[in-house]
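Number of protein chains: 4
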Amino acid sequence: MSEFDRVIKGGTIATASDTFSADIGIKDGRVAALGENLSGDDVIDATGKLVLPGGIDAHVHIDQPKKGGIAMADDFRSGTRSAAAGGTTTIMPFACQYRGESLRQVVEDYHKKADGKAVVDYAFHLIIADANEQVMGQELPALIEDGYTSFKIYMTYPDLKLNDRECLEIFSLARRTGAMTMVHAENADCIEWMTEQLLMAGKTGPKYHAVSRPPVVEKEATHRAISLAEFLDVPILIVHVSSAEAMEQIAIARQKGLRIYGETCPQYLFLTADDLELDDEFEGAKYICSPPPRDKANQEKIWQGLANSTFDVLASDHAPYSFDGPDGKKVVGEDAPFNKIPNGVPGIETRLPLLFSGGVSEGRISLQKFVALTATNPAKLYGLHPRKGTIAIGSDADIAIWDPEKKVTITNENLHHNVDYTPYEGIECTGWPVTVLSRGDVVVQDCEVVASEGRGQFLRCDKPDPARPGMGTL
Amino acid sequence: MSEFDRVIKGGTIATASDTFSADIGIKDGRVAALGENLSGDDVIDATGKLVLPGGIDAHVHIDQPKKGGIAMADDFRSGTRSAAAGGTTTIMPFACQYRGESLRQVVEDYHKKADGKAVVDYAFHLIIADANEQVMGQELPALIEDGYTSFKIYMTYPDLKLNDRECLEIFSLARRTGAMTMVHAENADCIEWMTEQLLMAGKTGPKYHAVSRPPVVEKEATHRAISLAEFLDVPILIVHVSSAEAMEQIAIARQKGLRIYGETCPQYLFLTADDLELDDEFEGAKYICSPPPRDKANQEKIWQGLANSTFDVLASDHAPYSFDGPDGKKVVGEDAPFNKIPNGVPGIETRLPLLFSGGVSEGRISLQKFVALTATNPAKLYGLHPRKGTIAIGSDADIAIWDPEKKVTITNENLHHNVDYTPYEGIECTGWPVTVLSRGDVVVQDCEVVASEGRGQFLRCDKPDPARPGMGTL
Amino acid sequence: MSEFDRVIKGGTIATASDTFSADIGIKDGRVAALGENLSGDDVIDATGKLVLPGGIDAHVHIDQPKKGGIAMADDFRSGTRSAAAGGTTTIMPFACQYRGESLRQVVEDYHKKADGKAVVDYAFHLIIADANEQVMGQELPALIEDGYTSFKIYMTYPDLKLNDRECLEIFSLARRTGAMTMVHAENADCIEWMTEQLLMAGKTGPKYHAVSRPPVVEKEATHRAISLAEFLDVPILIVHVSSAEAMEQIAIARQKGLRIYGETCPQYLFLTADDLELDDEFEGAKYICSPPPRDKANQEKIWQGLANSTFDVLASDHAPYSFDGPDGKKVVGEDAPFNKIPNGVPGIETRLPLLFSGGVSEGRISLQKFVALTATNPAKLYGLHPRKGTIAIGSDADIAIWDPEKKVTITNENLHHNVDYTPYEGIECTGWPVTVLSRGDVVVQDCEVVASEGRGQFLRCDKPDPARPGMGTL
Amino acid sequence: MSEFDRVIKGGTIATASDTFSADIGIKDGRVAALGENLSGDDVIDATGKLVLPGGIDAHVHIDQPKKGGIAMADDFRSGTRSAAAGGTTTIMPFACQYRGESLRQVVEDYHKKADGKAVVDYAFHLIIADANEQVMGQELPALIEDGYTSFKIYMTYPDLKLNDRECLEIFSLARRTGAMTMVHAENADCIEWMTEQLLMAGKTGPKYHAVSRPPVVEKEATHRAISLAEFLDVPILIVHVSSAEAMEQIAIARQKGLRIYGETCPQYLFLTADDLELDDEFEGAKYICSPPPRDKANQEKIWQGLANSTFDVLASDHAPYSFDGPDGKKVVGEDAPFNKIPNGVPGIETRLPLLFSGGVSEGRISLQKFVALTATNPAKLYGLHPRKGTIAIGSDADIAIWDPEKKVTITNENLHHNVDYTPYEGIECTGWPVTVLSRGDVVVQDCEVVASEGRGQFLRCDKPDPARPGMGTL
């Protein structure tokens with residue numbers, strides 16, 4: 001009988017700080033040893049491969065209830081299968097409250113959707129849309145203690161947005177409890193105003209979605225969120241930053257010593273507003289998300305922001321709305337103005353290959369930065385580290401084995417989500433995850449998902465220690 | 001016979017990205033295993049302790065020849081013993097050329113000073129003071145191939161300074177060869193002008209040293225060095241940044257996407273210009289270094305720059321000039337004007353405890369940031385990673401075991417350098433390295449240096465990969 | 001019979017661009033000639049004096065109806081007499097709407113208050129608190145055509161504040177009509193939140209007024225107002241800027257090419273938050289205004305902002321609340337928490353002497369800058385130029401003759417307002433207006449107000465040309 | 001006999017602060033009256049015209065001795081005739097020292113070139129290329145007392161450049177004497193380095209001139225000059241700013257409260273680096289000047305810098321090198337590499353029409369800003385105000401009467417300089433000066449130069465008052 005249940009041999013391991021050659025000994029689903037010449041009951045040969053921490057996708061929407069809009073194409077089964085196929089072993093979807101709902105009930109309902117379906121592990125962020133007394137005084141503090149230690153708030157969307165006072169209450173509670181607040185920063189009133197102008201002028205096509213929310217709208221809300229956080233001296237994280245102007249606000253805040261964290265997404269690295277203006281006009285709807293993709297100059301700055309550490313997290317903001325299906329963007333939106341088209345693009349599976357290819361393979365970021373952005377940093381920011389997000393003794397054996405030379409052209413038919421398109425169709429990637437382990441189980445083998453439904457577990461999150469500046473390698 | 005020569009058991013290991021509990025198995029001087037329940041011929045109990053990568057002091061002056069000024073009190077024996085006692089297992093002193101000298105000869109001479117004396121490992125930076133054809137065309141490229149892959153240049157000091165054209169030639173060579181250039185950035189002409197004015201006005205005391213080189217002098221040269229690097233698209237590293245204004249230039253450059261790296265030192269975190277104005281007037285000379293310590297507001301910004309990643313390296317700039325000895329600051333400088341007093345303060349042993357105490361124990365930076373600043377980042381920037389600067393399979397077993405609760409009041413009599421004072425006398429630190437290993441050998445035991453003279457080895461440096469932005473966890 | 005009704009002889013005339021010696025010939029209340037050796041029926045000897053355009057105080061509160069708070073001590077008689085005594089010949093008070101009121105009715109009511117009382121000329125800004133359909137669709141466009149071409153909006157104060165959408169509607173209307181919007185920029189929700197915290201903690205004294213609205217609150221709203229203006233590409237003017245942070249937002253906006261204008265007030269040049277903490281605790285209430293005075297460092301930056309043209313206007317924000325009277329701050333506020341104390345300080349008479357003394361006499365700004373800030377720029381920004389705000393052929397003969405050497409210690413008993421205190425008590429000024437003319441009439445002679453009640457006329461304002469960048473000497 | 005020698009009737013007068021309708025009475029060459037219904041011996045009807053202060057071209061090269069390069073095509077006769085035809089009534093050419101020359105002698109020699117030839121007035125800037133003891137200790141202080149109160153220094157050009165120490169000595173002398181220093185800010189070593197690389201690579205055509213001095217070269221030197229001025233607390237003026245990056249340095253400095261002034265030129269508003277790459281390759285040489293024209297984005301920022309007051313002066317930097325003539329760019333440069341082609345473009349006549357047309361007529365700047373940039377500001381900065389640069393009682397009657405509707409297409413054959421080309425060939429201007437007076441004499445009538453040779457007078461300059469921030473309408 002060997003010492004380990006499974007051994008990954010001969011690979012090149014990378015963490016957020018180091019790259020080295022070693023074998024990994026896995027026992028009871030955890031990393032039990034890093035060393036040389038380890039032996040195990042089961043051996044995976046990783047010679048010539050990169051052995052990386054499985055990705056954490058810290059911003060995904062999965063099977064959210066229809067009440068907020070239309071049905072999502074991915075449930076926890078298809079969503080987590082797609083995640084795993086893309087090298088991601090932990091997802092953090094949103095348990096989304098709508099006004100009038102009990103937050104505790106929302107969480108319980110959401111658990112039911114995940115139970116028995118997920119193939120990799122998951123934690124929940126909360127979305128707080130109703131900061132009423134019951135939520136703020138009882139439910140939320142209790143949920144934080146129960147391991148739901150992060151929540152997103154919206155500064156836009158009619159049915160979700162909080163006003164400044166509500167943001168302050170949320171931030172203040174986060175400060176008291178040590179929870180982390182994620183902020184969707186766009187100015188609601190500007191968007192509404194511009195949307196009305198465009199519709200009145202008959203400008204209803206998908207491309208006007210980008211026109212209706214120019215970068216200044218994002219910059220304003222980003223500055224405001226940061227100012228409110230500065231006012232209360234509390235850390236926050238700005239999600240899905242799309243533009244140089246918003247990014248600059250984060251950089252300025254950090255330079256002043258504020259603890260402001262930033263996330264961006266592949267859509268701001270690989271898409272532009274021009275994608276919303278495709279020949280067949282409605283095709284552009286495939287690329288509608290908020291904030292919208294910008295132009296090439298902004299793309300370039302966002303890449304810089306990854307390299308120079310303005311951003312801490314690269315997430316997908318996976319929003320699984322189909323294009324053609326019964327609840328698809330086309331059915332819902334084709335005869336409707338742009339503001340009725342469901343917002344968001346799918347990307348849970350393509351997130352890591354796109355960043356690896358455009359970032360590491362093309363020399364824009366180091367392998368360490370890749371690991372930090374996609375796994376270690378989100379684990380730290382959301383209280384999952386060191387259980388998740390790294391390869392270290394005692395950590396869960398969530399591991400993605402990458403072939404850094406493998407060339408794959410993204411095409412929707414090869415993806416595992418349940419959405420009928422990908423906005424990245426046709427992009428060729430250099431580097432792809434070939435074998436993926438979750439708590440020591442092989443969940444992807446030779447690019448095939450082999451995980452059993454329901455094996456994924458819910459993760460209680462610790463409170464991050466946002467009071468401590470620097471947060472490790474951030 | 002056990003598998004490992006030595007095992008460190010029960011400690012909490014920290015790297016630049018992670019903290020975890022594990023045993024370390026050491027074999028042949030290298031880290032051979034990280035795991036649980038490891039056994040070895042020799043076991044060090046690290047229960048309740050932090051097990052960190054040994055520090056790399058990437059900016060020290062040891063036994064430089066007298067020709068550039070006065071004799072240094074530390075040779076490689078006392079210098080490396082002091083380093084080891086302070087948790088540092090690699091030092092990077094300067095092989096310093098003066099004008100007219102062969103660089104190759106300088107390196108050979110310097111090797112003789114280190115051979116047989118050093119107790120921990122060392123690599124050499126070069127100082128280029130004469131960028132003549134022989135140096136630039138032959139010696140320097142050959143030395144880079146031989147493992148001397150970094151060099152410092154001075155924008156000030158009459159006998160060392162290079163003009164812009166010479167800086168460009170150096171930067172250009174660094175670009176071609178992949179070497180790293182360190183820049184001492186102060187405007188020579190401003191300092192000379194102001195010094196003349198002060199001396200003409202009879203203002204000769206130590207405190208006028210700080211007056212003669214105000215922050216704008218550092219800011220100007222920093223901006224100039226960065227601009228020259230931008231002009232050539234080459235990474236550089238600004239050493240010993242002392243002021244918020246210079247630091248801001250680095251931050252601006254990064255925000256623009258430039259690969260500019262920054263170093264600061266404990267003297268800018270713990271001393272101020274007021275220290276140069278002590279009652280017994282000449283006592284102030286103990287605190288003279290260049291750039292000079294600034295004020296409290298600048299100190300605070302420098303601390304912020306560590307936390308927010310504007311700085312990549314914390315080095316000591318150890319300059320072992322005695323105060324009372326035959327070559328001391330007092331003998332040389334007491335009857336002379338401030339500009340004749342030897343520049344620099346000792347600090348090779350106190351560097352890590354000061355940063356640990358003021359940074360980690362007081363909550364200003366994370367433990368990961370401490371490791372990154374003091375070990376991992378310099379290893380990466382100067383081509384020693386992953387051999388040095390981390391705890392990973394295959395790395396040299398250079399390890400410092402810290403007692404994070406141990407309280408030590410710094411007093412010169414307890415230090416191991418050969419200098420007769422420390423500028424940090426009386427500061428109480430929380431956290432101190434108690435056991436230190438170099439390539440698996442115990443060199444410090446219970447705070448006693450037990451290393452044998454001459455066991456330290458010279459390290460050839462790889463070329464860093466400065467063309468790749470982000471450089472890992474930086 | 002001489003050519004001119006009145007001649008001012010021998011003085012040194014200054015405009016916003018020039019200083020020169022000349023006689024001024026006045027006919028029919030207008031400047032008819034500038035020349036040498038002019039003769040007139042009445043001659044004023046200005047030898048050794050400065051002859052400046054009469055000041056325009058573009059931000060004053062006079063006799064606003066009690067419904068918004070408590071009674072104001074100054075009506076148009078005392079307010080304009082005080083203005084004249086301080087060298088100001090045009091005031092621009094606010095016709096203030098409260099929610100539910102007809103704007104047209106507000107204007108008519110306000111006219112009645114001015115009619116027959118004012119001793120110098122006046123124009124009205126509007127305050128829009130209710131941007132309803134009647135106001136936006138009919139009343140306001142009509143009023144703009146009728147010569148009420150500027151309006152102030154509030155981002156704070158419960159009964160006045162507009163939300164972002166309302167700001168956008170106002171800005172949009174300003175863009176269509178060419179009117180100018182003035183913005184009181186403080187974040188209402190932050191102030192309310194902090195006020196509640198302070199009151200709950202029993203911190204009710206006047207000094208907590210400053211604590212309840214720190215600079216970040218002003219910075220946030222300033223950035224937001226600028227962003228909304230950028231979104232719509234329309235010029236706006238930020239009033240009573242008190243802090244370096246808010247000022248910096250204006251400077252950044254201008255650097256980007258936006259047409260953002262700025263106003264500051266003497267209280268931010270001569271008072272600090274320490275004034276709110278006087279020994280006899282409630283005395284501090286005398287200095288309560290919003291935004292509150294900051295610290296010395298902010299004062300210094302505000303002075304710089306005058307010199308470097310970040311600010312275009314220096315106004316008084318005269319708020320004539322008495323201290324001891326029946327409607328005074330003391331009666332209303334002494335037993336109440338700080339947030340119930342009437343906001344604002346008097347200053348219509350001291351504005352020009354304070355700026356002249358601290359600015360021109362002490363060498364911080366030029367005489368031209370003084371004229372620009374206090375007369376020419378507001379005339380241009382609010383559509384009164386060249387009728388008001390300069391000394392040029394055809395302009396109204398609104399002229400203040402200053403003795404630049406005259407030393408006057410400010411003391412409330414010598415002021416002409418109806419308020420029972422001045423926050424500037426005891427400040428010695430160098431330079432004071434000795435003779436003041438309004439449309440050629442001597443309204444102040446040897447510092448005595450000699451004007452007849454009711455001679456002041458209402459001024460219809462032209463639309464400024466905010467679409468044209470640079471606006472003259474701004 | 002009428003009161004005035006000459007009267008300009010019915011025009012619209014503009015100063016840097018005001019626009020108004022008035023007649024101008026001229027007596028003894030000075031403005032004696034502004035008024036209505038003035039009568040004079042000679043009457044000029046300006047109905048429908050703009051009556052502006054004659055322009056001051058504060059940066060022109062006229063008939064500089066050949067020793068510095070090649071012969072200039074314009075002497076004081078053609079140069080001032082061309083100036084006058086373009087609405088300029090004062091020029092400020094450079095008396096240029098070369099190393100080893102007596103500055104006093106240089107001035108005397110230069111006077112001889114002007115005497116008897118100039119048709120409008122002129123003052124001299126000095127160029128200091130040799131800051132030796134005689135110059136600094138004796139000649140320059142004496143010349144400043146004699147009315148030569150401004151000097152330019154070069155940070156580039158082998159035969160003219162000063163090092164930092166020399167700049168400090170010059171700035172220090174300016175501080176002591178109240179003189180104004182103009183700085184040509186480009187980094188000499190960068191240009192030399194890049195030029196060598198280009199020539200070694202065989203890249204010798206005119207277009208490589210722009211490649212050899214990219215914006216970072218200008219930014220670096222601008223920051224350095226500003227830092228040296230900050231170090232000494234002395235005002236300086238950065239001439240011919242071409243790029244957004246350099247301009248930003250000026251804006252940052254002002255925001256910090258430094259007294260840094262800026263000048264730009266029409267070539268940076270109307271030309272781009274693309275002009276250096278014309279089809280017939282050598283044609284590009286016509287557009288060679290230093291710094292070189294940049295791209296459209298930089299042009300746009302330079303226009304913004306005029307509107308937002310980052311720039312104080314718009315000068316021509318007229319450099320009258322012919323293209324085809326015996327000393328022309330072609331003869332000298334066609335078979336030579338780009339760095340041998342004479343630097344500079346002609347523009348003394350087109351400066352004002354280009355700015356008027358592109359700025360005032362197209363709505364980018366106000367008429368007041370036009371007057372300030374082209375006349376009033378340079379008069380103030382160089383000690384000629386209020387004698388020159390405005391229309392005020394007592395000022396010289398230097399007046400340009402503009403037809404704001406007149407459309408003129410620039411073509412070299414219609415210009416009055418002695419250069420055989422204009423870089424602005426074919427640009428259509430809206431607005432042109434039709435009548436020009438110098439000290440009351442008509443020097444241009446109906447666009448014809450009617451001035452007698454030698455009538456122009458030398459102007460002693462006062463010291464500006466650079467210690468006073470704000471300098472009037474700047």
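In the order they appear, the protein sequences are chains Z, E, G and F. In case it helps, this note's numbering puts the first sequence at residues 1 to 474. In case it helps, this note's numbering puts the second sequence at residues 1 to 474. In case it helps, this note's numbering puts the third sequence at residues 1 to 474. In case it helps, this note's numbering puts the fourth sequence at residues 1 to 474. Positions of the beta carbon are idealized from the N, C-alpha and C atoms, including for glycine.
Residues that residue i contacts on chain Z, provided the C-beta gap is smaller than 7 angstroms
i, result
"E:D18", "T15, P386, T390 and A392"
Contact with chain G by residue i, beta-carbon distance below 8 angstroms
i, result
"Z:V31", "no"
"Z:N187", "yes"
"F:E405", "no"
Within chain Z, partners of residue i - CB distance below 8 angstroms
i, result
"E:A22", "A392, I393 and G394"
"E:G25", "G35"
"G:C289", "Those do not exist, as G:C289 stays about 21 angstroms from chain Z at its closest Cβ, beyond 8 angstroms."
"E:T376", "S17 and D18"
Distance, residue j Cα to residue i Cα
i, j, result
"Z:Q304", "G:L367", "48 angstroms"
"F:P464", "F:Q457", "20 angstroms"
"Z:K388", "E:R439", "31 angstroms"
"E:E3", "E:K49", "24 angstroms"
Neighbour flag for residue i against chain F, beta carbons, 8 angstroms
i, result
"E:E196", "no"
"E:V216", "yes"
Contact list for residue i against chain E, beta-carbon separation under 7 angstroms
i, result
"Z:R254", "N308"
Proximal residues of chain F, C-beta to C-beta of residue i below 7 angstroms
i, result
"G:Q304", "G257"
Within chain Z, partners of residue i - CB distance below 9 angstroms
i, result
"G:W193", "D164, R165, L168, E169, S172, F231 and L232"
Original post:
For the region 219-232 of chain E, which residues have a CB atom closer than 8 angstroms to at least one CB atom of chain F, in sequence order?
Top reply: K219, E220, H223, R224, S227, L228, E230 and F231
Subject >> Residues of the region 155-168 of chain F whose Cβ lies closer than 9 angstroms to any Cβ of chain E, in chain order >> reply: N163, D164, R165, E166, C167 and L168
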